[in-house]
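Since the structure comes first, as structure tokens, the remarks are kept for the end.
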Amino acid sequence: MIWREEKIKLLIEDIKIRMKVTPFQKTVDGYEKSIEEYKSCTSYGWGNFLKENGYLYVTGYDEYENAWTLGDITCNDNEDGDYFNSEDFEPYNEMKMNPEEIKKYLDNVITLWRKRKEEYKDEDEIFMSRCYIDAYQSVRISLFGELLP
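Numbering (the working numbering), first residue to last: 994 to 1142.
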């Protein structure tokens, strides 16, 4: 797998009330709107909340609309927030992953273990070094499609 932003599809049974989620599209019939339009909506507190925090809370499920309601921390039930289908949002990622930082980290540890391998005299330590190098190279090629030369 080459590094790319992939959306995580939520199963309905995985969605919990008060769960933090990030909407990336809006496909509910009659409420379709681009996420850019949605984020620019300032008539509701949750529009600004999403823009400032990057996530909303699941506040309920509306059986009549057949959709989940998402809103800010002040939203208490289906009456607050806005409608989204389960395929319109993903779990909020608390850890922001920067691909360049990850690549730099992998390159540094691969270089470190290569250096250690050259310094070690014991066969077990040399073998351990090779294992670490191979493991980090495997992660690097999975994420970025290339080995560190």
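Beta carbons: idealized from backbone N, C-alpha and C, even for Gly.
What residue range does the alpha helix (DSSP H) around Leu1136 cover? As a first step, residue 1136 is located in the sequence shown; it is residue number 143 there, counting from the start. In the DSSP assignment, Leu1136 falls within the unbroken alpha helix (DSSP H) covering Glu1116 to Phe1137.
Is it the case that the stretch 1092-1102 contacts the stretch 1039-1058, given that we only count it when at least three CB pairs across the two stretches are under 8 Å? Between the stretch 1039-1058 and the stretch 1092-1102 there are fewer than three C-beta pairs closer than 8 Å, too few to call the two in contact.
I'd like to confirm the pairing. Which residues does DSSP put opposite Thr1062 in its beta bridges? As a position in the sequence shown, residue 1062 is number 69, starting the count at 1. Paired residues: Gly1053 and Tyr1076.
Span of the beta strand (DSSP E) around Pro1016: Stepping through the sequence shown from its first residue, residue 1016 is reached at position 23. Per DSSP, the continuous beta strand (DSSP E) segment holding Pro1016 begins and ends at Lys1013 to Pro1016.
Taking only beta-carbon positions, decide if Tyr1129 is within less than 8 Å of chain D. Checking the listed chains, one finds no chain D in this structure; it contains a single protein chain.
Got a sec? Which residues, its chain only, sit under 8 Å from Thr1015 by beta carbon, not counting five neighbours each side? Sequence index remark: in the sequence shown, residue 1015 carries index 22 (1-based). The beta carbon of Thr1015 is closer than 8 Å to those of Gly1047, Tyr1048, Leu1049, Phe1082, Glu1083, Pro1084, Tyr1085 and Asn1086 in its chain, skipping five residues each way along the sequence.
Would you kindly work out how many angstroms separate the C-alpha atoms of Glu1112 and Lys1044, rounded to a whole number? Residue mapping note: residue 1112 aligns to position 119 of the sequence shown, counting from 1. Residue mapping note: residue 1044 aligns to position 51 of the sequence shown, counting from 1. One C-alpha to the other measures close to 51 Å.
Measure the C-alpha to C-alpha separation of Val1021 and Asn1078 and round it to an integer number of angstroms. Position 28 of the sequence shown, counted from the first residue, corresponds to residue 1021. Position 85 of the sequence shown, counted from the first residue, corresponds to residue 1078. Looking at the two C-alpha atoms, the distance is approximately 6 Å.
Give me whichever residues DSSP pairs with Glu1083 in a beta bridge. By 1-based counting over the sequence shown, the position of residue 1083 is 90. In DSSP, Glu1083 forms a bridge with Thr1015.
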